[in-house]
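Q:
Residue numbers (my numbering), protein chains in the order written: chain A, 4 to 152; chain B, 4 to 152.
What follows is the structure, given as structure tokens:
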């Protein structure tokens, strides 16, 4: 089984600030997609992320530890994503908040998974930018990486 | 075992152009690091990539198929990288050259691997930019993603 892994450091930020960007609709809409609705700050809450015109993802919050960890289960979206888990670990390290990211449970390392890995990287940079500067690059203003956008 | 996977599409480019950026010292220095020396266009050639002041990587070319595939084995660098394989597959798809990237053979999904995954993503975007615009973002002008740079 292959997982998608990433690590970024958000400079001059606290884990509480990054946690806010991962659990509030306003925060999530600031780095992933403008079209974000739902409840991200309660276990069993569901957040619906849409990327018009291509669809999107529904994430059920399965674990929360304020300023430390957020875990989602994918309950709606492309077949390859259904049942996978997205996990965020946060910690302070000097002047940085370190974000360890895992998207686990892919059945096969299909080409779409390669795409999602690179795309997650650009969205993590968007999250970093949002918290550092107040401005992220959520869809539809996200970084274009290929013909699959 | 966990691999690092990525996919980008280089717009308006041919696989031959991307292949050149993966096999010539000038091409490699244009997106990965200014400090690139060696032979990348012959099987058994070795390319030495340095990122002052932190070290670097020596890659032995183990397979080449012009405009289609480049495979390197890591023969020098950090312990976690030694013996791993970096593989590039290229193909034309409409107006894009699709680059499928794999960094395989990591023993453990350590935190450094998370970092390298995100960093590879930014360097693939640098490769894309180099071929599309003539300007990449190689070290020391590479995108800073964290305290580990």
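The beta-carbon is built from N, C-alpha and C at its ideal position, and this holds for glycine as well.
#1: Taking residue 135 of chain A as the reference, which of A/32, A/17, A/8 and A/10 has the closest Cα?
#2: Is DSSP giving residue 126 of chain A helix, strand or coil here?
#3: So if I threshold CB-CB distances at 8 angstroms, which residues from the segment 89 to 103 of chain A count as touching chain B?
#4: For residue 87 of chain B, which residues in chain A fall below 8 angstroms Cβ to Cβ?
#5: Check whether the segment 86 to 95 of chain B touches the segment 121 to 139 of chain A, taking contact to mean three or more Cβ pairs, one atom from each stretch, closer than 8 angstroms.
#6: So residue 3 of chain A and residue 130 of chain B are in contact, right, with Cβ under 8 angstroms, and what is the actual spacing, rounded?
#7: Assuming contact is defined by CB atoms lying nearer than 9 angstroms, are residue 20 of chain A and residue 11 of chain A in contact in what I supplied?
#8: Quick one: which chain B residues come within Cβ less than 8 angstroms of residue 114 of chain A?
#9: In whole angstroms, give me the CA-to-CA distance for residue 44 of chain B and residue 88 of chain B.
#10: Quick check on the DSSP output: the alpha helix (DSSP H) that includes residue 20 of chain B runs from which residue to which?
#11: Going along chain B in order, which residues have a C-beta closer than 8 angstroms to the C-beta of residue 118 of chain A?
#12: Distance, Cα to Cα, residue 161 of chain A vs residue 7 of chain B?
#13: Output needed for residue 143 of chain A: all residues of its chain with C-beta closer than 6 angstroms, excluding positions within five of it in sequence on either side, in chain order.
#14: Does residue 106 of chain B come out as helix, strand or coil in the three-state DSSP assignment?
#15: Give me the Cα-Cα distance between residue 52 of chain A and residue 84 of chain B, rounded to the nearest whole angstrom.
#16: Check for me: the beta strand (DSSP E) holding residue 88 of chain B runs from which residue to which?
#17: Considering Cα atoms alone, identify which of B/128, B/152 and B/65 is closest to residue 149 of chain A.
#18: Can you name the start and end residues of the beta strand (DSSP E) that residue 60 of chain B belongs to?
#19: How long is the line joining the alpha carbons of residue 81 of chain A and residue 109 of chain A, rounded to whole angstroms?
#20: Roughly how many angstroms lie between the CA atoms of residue 64 of chain B and residue 30 of chain B, to the nearest whole one?
#21: Helix, strand or coil, according to DSSP, for residue 139 of chain B in the structure here?
#22: Closest Cβ-Cβ distance between residue 75 of chain B and chain A: below 9 angstroms?
#23: Give the straight-line distance between the Cα atoms of residue 132 of chain B and residue 138 of chain A, rounded to the nearest whole angstrom.
#24: Determine the chain A residues that contact residue 5 of chain B at a beta-carbon separation under 9 angstroms, and present them in chain order.
#25: Excluding the 5 residues flanking residue 86 of chain B on each side, which residues of the same chain have their C-beta closer than 8 angstroms to its C-beta?
#26: Can you name the residues of chain A whose CB is closer than 9 angstroms to the CB of residue 150 of chain B?
#27: Under a CB-based cut-off of 9 angstroms, is residue 124 of chain A close to chain B?
#28: Going straight from the alpha carbon of residue 71 of chain B to that of residue 32 of chain A, what length do you get?
#29: What does residue 36 of chain B touch in chain A if you count any residue whose Cβ is under 8 angstroms from its own?
A: This is what the structure gives:
#1: It is A/17.
#2: Annotated three-state conformation of residue 126 of chain A is helix, per DSSP.
#3: For the segment 89 to 103 of chain A, which is checked against every Cβ of chain B, the residues closer than 8 angstroms are 96, 97, 98, 99, 101 and 103.
#4: Correct list: empty, because the minimum Cβ distance to chain A is about 14 angstroms.
#5: Output reads no: the segment 121 to 139 of chain A does not touch the segment 86 to 95 of chain B.
#6: Because chain A spans 4 through 152 in this model, residue 3 of chain A falls outside it and cannot be assessed.
#7: Result no, Cβ atoms of residue 20 of chain A and residue 11 of chain A do not sit closer than 9 angstroms.
#8: Within 8 angstroms Cβ-Cβ: 10 and 103.
#9: Cα to Cα, the separation comes out at about 17 angstroms.
#10: For residue 20 of chain B, the uninterrupted alpha helix (DSSP H) segment begins and ends at 18 to 26.
#11: Near residue 118 of chain A (Cβ distances below 8 angstroms), the residues of chain B are 10.
#12: Past the edges of chain A, shown from 4 to 152, lies residue 161 of chain A, and the structure says nothing about it.
#13: Excluding the 5 residues flanking it on each side, residue 143 of chain A has no same chain C-beta neighbour closer than 6 angstroms.
#14: Strand, per DSSP.
#15: Between residue 52 of chain A and residue 84 of chain B, the C-alpha separation is close to 36 angstroms.
#16: For residue 88 of chain B, the enclosing beta strand (DSSP E) has its first and last residue at 88 to 96.
#17: Checked all of B/128, B/152 and B/65; the closest Cα to residue 149 of chain A is B/128.
#18: Per DSSP, residue 60 of chain B belongs to the beta strand (DSSP E) from 59 to 68.
#19: For residue 81 of chain A and residue 109 of chain A, the distance between alpha carbons rounds to 12 angstroms.
#20: C-alpha separation (whole angstroms): 15 angstroms.
#21: DSSP places residue 139 of chain B in coil when its eight states are reduced to three.
#22: Any Cβ of chain A closer than 9 angstroms to the Cβ of residue 75 of chain B would place that residue at the interface, and such an atom is absent.
#23: Straight across, the Cα-Cα distance linking residue 132 of chain B with residue 138 of chain A is about 22 angstroms.
#24: Near residue 5 of chain B (Cβ distances below 9 angstroms), the residues of chain A are 4, 5, 6 and 8.
#25: Hits under 8 angstroms: 76, 77 and 108.
#26: Within chain A, the residues placing a beta-carbon under 9 angstroms from that of residue 150 of chain B are 12, 14, 96, 97, 98, 99 and 101, ordered along the chain.
#27: The beta-carbon of residue 124 of chain A is placed less than 9 angstroms from the nearest beta-carbon of chain B.
#28: Rounded to the nearest angstrom, the gap between the Cα atoms of residue 71 of chain B and residue 32 of chain A is 39 angstroms.
#29: By Cβ distance, chain A contributes nothing, its closest Cβ being about 19 angstroms from residue 36 of chain B, past 8 angstroms.
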